[in-house]
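*Asks:* Chains as they are written, first to last, in my numbering: chain U, 1 to 417; chain D, 418 to 834; chain V, 835 to 1251; chain X, 1252 to 1668.
Number of protein chains: 4
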Amino acid sequence: MDFEAPSPADLLARYGEVRGTTARLCEPLSAEDMLVQSMPQASPTKWHLAHTTWFFEAFVLAELPGHRPFHESFGYLFNSYYNALGDRLSRPKRGLLSRPSLAQVMRYREHVDGAMRQLLASRASSNLRRLTLIGLHHEQQHQELILTDIKHALGGNPLKPSYRDRPAALAGVAPPLRWMEHPGGLIDIGHAGAGFAYDNETPRHRVFLRPFRLASRLATCGDYMAFLDDGGYSRPELWLSDGWDACQREGWQAPLYWEKTEGRWWQYTLAGPRRVREDELVIHVSFYEADAFARWSGARLPTEAEWEAVAADVPVAGSFLDADRLHPAPAEENGGGTAQLFGEAWQWTASPYVAYPGYRTPEGALGEYNGKFMCNQLVLRGGSCLTPRSHFRRSYRNFFPPDARWQFSGVRLARDL
Amino acid sequence: MDFEAPSPADLLARYGEVRGTTARLCEPLSAEDMLVQSMPQASPTKWHLAHTTWFFEAFVLAELPGHRPFHESFGYLFNSYYNALGDRLSRPKRGLLSRPSLAQVMRYREHVDGAMRQLLASRASSNLRRLTLIGLHHEQQHQELILTDIKHALGGNPLKPSYRDRPAALAGVAPPLRWMEHPGGLIDIGHAGAGFAYDNETPRHRVFLRPFRLASRLATCGDYMAFLDDGGYSRPELWLSDGWDACQREGWQAPLYWEKTEGRWWQYTLAGPRRVREDELVIHVSFYEADAFARWSGARLPTEAEWEAVAADVPVAGSFLDADRLHPAPAEENGGGTAQLFGEAWQWTASPYVAYPGYRTPEGALGEYNGKFMCNQLVLRGGSCLTPRSHFRRSYRNFFPPDARWQFSGVRLARDL
Amino acid sequence: MDFEAPSPADLLARYGEVRGTTARLCEPLSAEDMLVQSMPQASPTKWHLAHTTWFFEAFVLAELPGHRPFHESFGYLFNSYYNALGDRLSRPKRGLLSRPSLAQVMRYREHVDGAMRQLLASRASSNLRRLTLIGLHHEQQHQELILTDIKHALGGNPLKPSYRDRPAALAGVAPPLRWMEHPGGLIDIGHAGAGFAYDNETPRHRVFLRPFRLASRLATCGDYMAFLDDGGYSRPELWLSDGWDACQREGWQAPLYWEKTEGRWWQYTLAGPRRVREDELVIHVSFYEADAFARWSGARLPTEAEWEAVAADVPVAGSFLDADRLHPAPAEENGGGTAQLFGEAWQWTASPYVAYPGYRTPEGALGEYNGKFMCNQLVLRGGSCLTPRSHFRRSYRNFFPPDARWQFSGVRLARDL
Amino acid sequence: MDFEAPSPADLLARYGEVRGTTARLCEPLSAEDMLVQSMPQASPTKWHLAHTTWFFEAFVLAELPGHRPFHESFGYLFNSYYNALGDRLSRPKRGLLSRPSLAQVMRYREHVDGAMRQLLASRASSNLRRLTLIGLHHEQQHQELILTDIKHALGGNPLKPSYRDRPAALAGVAPPLRWMEHPGGLIDIGHAGAGFAYDNETPRHRVFLRPFRLASRLATCGDYMAFLDDGGYSRPELWLSDGWDACQREGWQAPLYWEKTEGRWWQYTLAGPRRVREDELVIHVSFYEADAFARWSGARLPTEAEWEAVAADVPVAGSFLDADRLHPAPAEENGGGTAQLFGEAWQWTASPYVAYPGYRTPEGALGEYNGKFMCNQLVLRGGSCLTPRSHFRRSYRNFFPPDARWQFSGVRLARDL
């Protein structure tokens, strides 16, 4: 925890804002919706609500003398994966928890909110303030998961109900893709400075890059349809071996949530099903699909170092969760720079998720937050339209297994020079 | 459908009663509880509510000219297994249906209730009245499943919440087990007469039985504990080969819902966890366990013909759902007869579930009700404390796979003479 | 063991004959062929050779004072399923045993043959002679399995090699199917007399049968093709529920070993692939397929009691293993009786494999021979062209799970009168 | 194929040598041994013999005008994973191929050897000579797999037969582990020059390294036992998340082939079971185990760039296959340098197997050789005592999934400076 502790007042304000956002995301949902777990990798909304609350209880409040847990079983129920904090419910069983009821979970949130506010208003040490800030970033991560998980739950329901009916505006014509050159060389990447970052973004370190070119925008649905039309899902030579196996085993024919009806592609969005537009960004592709599409395009995926080298000089702008679109905005002409680096859709990189040179796992249970997952996953960069803006940094490393498709994951191409 | 159609007035009264009972069973449950599907074999309460309603719509109302379905997708969502009625949602996905909401399903029930009442009050042909009666028996079957499925859902929740808090009275001392002789010979079994019965209870037919002895009461938890204490779950010589495989694979150590805490056996009941009493009936054993326990006892399970031969002369009495105990009553001295033949707990028989000689599958979709399941299942007899009394007949054949444990299934022993 | 012990001289002769037949069956096979295990349910020839030998060692020779096992590990390797005789190799691993080599296994056979011959020539008690006779019947059972298992191993090889090149003669025109009436009534079935029978054929007992009709011959490939052509494998209404699931899951389109090439059906036989002839018997169908075919035919499968009631008065004749055809003979006109009751192809019955009334499991390890499998299997009757004639009796009950297809299993239809 | 084509004479000599070595490796094995496939990831020896031969036929001889394949089905049977070359037998079925017989496969080898010798002696273009050289390296790769696969097959046999009885000498005392410093900086890694290398070793490229320390020798069994004794296999905090899951799921308690008997560790070797010596190298650990052991040691695994930076200056020496030990030699004092960099045991690195910057997949079917596996695997470096010396280069990148344990994979530790 090498970052500066925020001031109590700032933290209190931020605490209220983050917790409030989570509550707001649940507004369109019924208690029933919030219980559904549509696959082992996803969690019910209610579980997210309780787990993020438990995080504050377990990592902050439990440090206070005389702390008594709100409920003796909630540690067991709402611990996600911290072995250091004891046994826990098996992950695929989260959707079976009709009890505690949503009302009880909301009381749990209120209880912890009260204790946290009291703590932050008075006597919170800088250590507890840092832990609280981690808890807030943790909750912001779960805000994105709440939305991707409920999209999976509702999108798999044969009734295809919308999360909310207001669709995002879709105007806009995607500009032609241009190749932006970068000279490579010795570059520093990773988090620097006193602001908050996760341990996995550190230490800042030097890498040597060859010259490369990066696509000026993300891939569109039109780009991707050309891949589909060219037999992309039936040509093994375009795929990684494990990717082809996954494609065959899962019967992939198109991105997740795409369905062909009477010769036209439709996609399920958080505002319900609608036609796929050629100018909008393709999302919900796995790393395997992104990689095959890149190969078919005569390109490749960028490494995370390449991405960060370019991103370093571009102002962070784009549709984050704060824009409340819940779907990526189409690319617009931006005067010749590299567009859509931030927000919109996570960008698969070619980089396996591994420790940065000199990385050290933090002490204690929080050491399990990031480090133990550094295997069999790929890094995604840039944030998405579901990522809270204040949660994001240029050095942010998101990571998912190569077959994951339910995140808002898109594609930016790269090429050697 | 060889049974007499009930009079419109009787049917209307019965319709109200059965539908009302289903509603009453849901009273202790929240919308969240009613969504949980704890294993593929079990269904959410909400699904039961909609499926039993769909049954009336699909088999009765759809016969009416000009019928329009309540919702175009409900046939897909709430058809259980009728291939003749089209595609349907895969069974393990029933627990993902947060939509339609419970409120919508209740409106569906009201809508169908209105249409059914109107039909029964006016112009229902004898054929439609017979179909309606089948629908009512169908719903009564699901009443028992609602309770066994919710017991599984709540009993698997680490909080072990009760379905309702009022425990059944437990007074009573189990009388010693006596062996009641039956001379065997040529016996007629199966349904006779003009009253309602399922097709699988017909035709009534003759069987030849050797003399045999039947236990005067069901096996108690005390009886079963002696089996446990004698290493019953670790001695393969007591088990069928498939049973031993199941026992090893599933890690069975005792009946479902039993747990040993500090050297004592507890069981989860619909009123929550409580100590196991030696004098109460053992339930929640699979056929494999019942068979192994019988072998260890130097006995065997009765065939369904043996059971029915004895039951023919005994008045139907015992705790059915109407007694509202939700747990079997202990055996009581009954003056020397064969006790507990009815209600309390289903009794595993040694008889595979097959067609009676001369059995004919009914025409149409209703032919799928019973006939297509006549393989890989065993017959249980006698009803349980969750079976509605008016749903039960001496000729009633319940059936489950040999490893099923979540029904209220107990053991009655038999012996050759 | 209620049968009479054979005389030492007869037994010695029979021992030589049975063991010699086993050796002869292996003549066309290489050491490599004899090692293949093509599915968990099948065993390598070499394993059969060793297991049948171990049976004599474990059940006969081990009874002799001072007996020392041939090899300390062979009990572990070659015990099939006798829990009473200790741990054993997991079944799916039998195909990994390149050691002991075939040569070692042949030495094992010679060693045990020597000891058995010495025993039988001198001092064998009637008990040991009875055990020896069981061992010989056991080996004859495995002779059939050697052939069905190697057919599966070679038939699954893309090269489709033949077991031996000499095809069985195929002349013959199937006579029209006639329905033979039987009046039903009280019938005795099961083994009677002092000759050898397995425990599961006893006790002889009385059953009451309704009048019925039995097909005069087995179903032919022509009969079955009509079922195929009428969409038999795509109409769920013809199938048991579990059968339809198996059909879908396994992708069944026709009997095992059938393949359509350029519009014509071919089948793999022990003499290699050849065209399917309409007049020959259909084999390699599961119970589920036999049952669906019967339903499509407007008929049903006979019960084992019906089968035995008819078979009681018919002389045992037909192609058994001794005829050395290795494929069923086509039906021929036989003057109006019920043909093909014996040999040719096992006939699926509608009867689940359960204990006869009054059945008692034998004491000791041999009690595991039959009794513990009395669940989830169906009875087949009549023997096949791979069954040694001297192994067969009218009361013989073969049994397999309903989805088993690699045995020589065919179909005889029945109807209610 | 950027390497120089060898001269025809050199190539002919090398061809004879490599093919002869393969034959020699099979000498201790029977036809039965050579058929066993003990897990889907392993292949039968016979399959290796045929596949390596098919490689020459498919990639070299098929280029010749008028070429006719030796057998029309061998492409289907012995193609490993080249989608561009058509359909193929599913991998887990390789162990079912009793036909073609070993004798036929040996004839196949002779046939192809004849054609190859004739080609190399006369008219081979430089392109065909390059393809031949690839085929020889390919066969050398399979030489190592023949030995690791047969070790798995024989080691899993309850009889635990040895591959050959001659054990490797075990004298030697492991020197204390020292930490060798490296200053880091800009380093070039990857293959350079005109000699042969696989595509995945290219292009040579620059990386920036921080200063680091590398262990002076590989980890010994004594080192690893200390990890075991300290509860290494029951402390999740030492493991990657996926690694801990694998450990639990597979029940790992120690390296593969280790077994505790009466309180002492034994291991199965190619010379049969023997005691584990503290001074010998630990092998047969997965990446997950290597990583956990490193973390427990207060160290980490080196990256492949770190490894290659050190290896660049060390002469290639150590036990390769040519030493014919078939087991790693213990470390010896070597005067202070970094020992055991080559031969002995493959060294897990922390580097996921990905493309080098600027990597280009070769055209055609050979493009599937390496590139399509660049996901979900980790790089191992250094060769092993089963690797042919002439097959090895400092830039050689071996790769296996993180849970693979049947290779001769050991551990070298690293630390940040």
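Think of the CB as a built atom: it goes at the ideal place given N, C-alpha and C, for glycine as much as any other residue. In this text the structure is predicted, and so the values were computed from the model without any measurement.
Any beta carbon from chain U within less than 8 Å of P1279 of chain X's own beta carbon?
*Replies:* With 8 Å as the cut-off, P1279 of chain X does not count as an interface residue toward chain U.
*Asks:* Please check the pair Q1082 of chain V and W1180 of chain V, which I expect to be a contact at CB under 8 Å, by giving their CB distance rounded to whole angstroms.
*Replies:* Q1082 of chain V to W1180 of chain V, Cβ: 25 Å. No contact.
*Asks:* Decide if L1437 of chain X is buried, meaning its Cβ has at least 16 other Cβ atoms within 10 Å, or exposed.
*Replies:* Label assigned to L1437 of chain X: exposed.
*Asks:* For F1207 of chain V, go through chain D and note every residue whose CB falls closer than 9 Å to its CB, in chain order.
*Replies:* Within chain D, the residues near F1207 of chain V are L657, S658, D659.
*Asks:* For P1603 of chain X, would you say it is in contact with chain V, using Cβ-to-Cβ distances shorter than 8 Å as the test?
*Replies:* Not an interface residue.
*Asks:* Whose C-alpha, out of D:A448, D:L536, D:L830, is nearest the C-alpha of P482 of chain D?
*Replies:* If we check each option's Cα against that of P482 of chain D, D:L536 comes out closest.
*Asks:* Return the residue from the list U:L154, U:A323, U:L85, U:L89 that minimises the CA-CA distance to A168 of chain U.
*Replies:* Comparing Cα positions, the closest option is U:A323.
*Asks:* Does the region 677 to 687 of chain D touch the region 720 to 728 of chain D, meaning 3 or more C-beta pairs lie closer than 8 Å?
*Replies:* Verdict: no, contact absent.
*Asks:* Return the chain-ordered list of same chain residues with a C-beta closer than 6 Å to the C-beta of A219 of chain U, the five sequence neighbours on each side being excluded.
*Replies:* The residues are V282, V411.
*Asks:* Closest by CA to E1084 of chain V, which one among V:A1238, V:E1167, V:R1000, V:I980?
*Replies:* Per the Cα distances, V:A1238.
*Asks:* Where does K838 of chain D fall in DSSP's three states?
*Replies:* Only positions 418 to 834 of chain D appear in this structure, which leaves residue 838 of chain D out of reach.
*Asks:* Starting from A215 of chain U and walking both ways along the beta strand (DSSP E), at which residues does that stretch end?
*Replies:* 212 to 215 is the extent of the beta strand (DSSP E) around A215 of chain U.
*Asks:* Given a cut-off of 8 Å on the beta-carbon distance, is the pair T966 of chain V and L845 of chain V in contact?
*Replies:* Contact: yes.
*Asks:* Rounded to whole angstroms, what is the Cα-Cα separation between G1217 of chain V and S1120 of chain V?
*Replies:* Those two C-alpha atoms are separated by around 16 Å.
*Asks:* Quick one, which residues of the region 183 to 208 of chain U are near chain X if we go by CB-CB under 8 Å, in chain order?
*Replies:* Cβ contacts with chain X: L186, H205, R206, V207, F208.
*Asks:* Measure the beta-carbon distance from F1447 of chain X to G1386 of chain X and round it to whole angstroms, keeping in mind my assumption that it falls under 8 Å.
*Replies:* In fact, because the Cβ distance is near 12 Å, the residues do not count as touching under 8 Å.
*Asks:* Considering only the alpha carbon of each residue, which of U:G184, U:R213, U:S216 lies closest to R206 of chain U?
*Replies:* Here the closest residue by C-alpha is U:G184.
*Asks:* Using a cut-off of 8 Å between C-beta atoms, extract the partners of Y498 of chain D located in chain V.
*Replies:* In chain order: S1075.
*Asks:* Find the residues of chain D that neighbour D33 of chain U, judging by a C-beta separation of less than 9 Å, and give them in chain order.
*Replies:* Per Cβ cutoff of 9 Å: S515, R516, S518.
*Asks:* Would you give the residue range spanned by the beta strand (DSSP E) that T1183 of chain V belongs to?
*Replies:* Counting along the chain, the beta strand (DSSP E) containing T1183 of chain V begins and ends at 1180 to 1186.
*Asks:* Determine which residues of the region 401 to 413 of chain U have a Cβ less than 8 Å from any Cβ of chain X, and write them out in chain order.
*Replies:* Answer in chain order: P402.
*Asks:* Run through the region 1543 to 1600 of chain X for me and flag every whole alpha helix (DSSP H) of 4 or more residues, listed as ranges in chain order.
*Replies:* Complete alpha helix (DSSP H) runs here, min 4: 1555 to 1562.
*Asks:* Got a sec: which bits of the region 874 to 889 of chain V sit with their beta carbon under 7 Å from any beta carbon on chain X, in order along the chain?
*Replies:* Cβ contacts with chain X come from no residue of the region 874 to 889 of chain V.
*Asks:* Ignoring anything shorter than 3 residues, give me the beta strand (DSSP E) runs that lie fully in the region 1214 to 1250 of chain V, in order along the chain.
*Replies:* You should have 1232 to 1234, 1248 to 1250.
*Asks:* Interface residues of chain U around G573 of chain D at Cβ under 9 Å?
*Replies:* Residues of chain U passing the Cβ test: K93, L96.
*Asks:* Any Cβ of chain X within less than 8 Å of the Cβ of L911 of chain V?
*Replies:* Output row for L911 of chain V: interface = yes.
*Asks:* Going by C-alpha distance, which of X:T1589, X:A1582, X:V1630, X:E1584 is nearest P1603 of chain X?
*Replies:* Residue X:V1630 is the option with its Cα nearest to P1603 of chain X.
*Asks:* So, under 8 Å CB-CB, R1051 of chain V and A1165 of chain V are touching, yes? Tell me the CB distance rounded to an integer number of Å.
*Replies:* Indeed they touch by this definition, with Cβ atoms about 4 Å apart.
*Asks:* Quick check on the burial criterion: 16 or more other C-beta atoms within 10 angstroms. Buried or exposed for H1225 of chain V?
*Replies:* Buried: at least 16 other Cβ atoms inside 10 Å.
*Asks:* Kindly list, in the order they appear in chain D, the residues whose Cβ is closer than 7 Å to that of P1191 of chain V.
*Replies:* Simply R627.
*Asks:* Keeping to the same chain, check which residues put their C-beta closer than 7 Å to that of E1268 of chain X; ignore five residues upstream and five downstream.
*Replies:* So no residue of the chain qualifies.
*Asks:* Assuming the contact rule is C-beta atoms closer than 8 Å, H1118 of chain V and S914 of chain V should be a hit. Round their C-beta distance to whole Å, please.
*Replies:* About 24 Å; that fails the 8 Å criterion.
*Asks:* Just tell me which of X:V1565, X:Q1591, X:G1441, X:L1572 has its CA closest to the CA of R1640 of chain X.
*Replies:* Selected option, being the one with the closest Cα: X:L1572.
*Asks:* For P236 of chain U, which residues in chain X fall below 7 Å Cβ to Cβ?
*Replies:* Here the neighbours are N1334.
*Asks:* Residues in the same chain with beta-carbon distance under 8 Å from A1313 of chain X, minus the five sequence neighbours each way, listed in chain order, please.
*Replies:* Taken in chain order, the residues that qualify are P1320.
*Asks:* Where L834 of chain D and F1042 of chain V are concerned, what is the direct C-alpha to C-alpha distance, given to the nearest angstrom?
*Replies:* Computed Cα separation, rounded: 20 Å.
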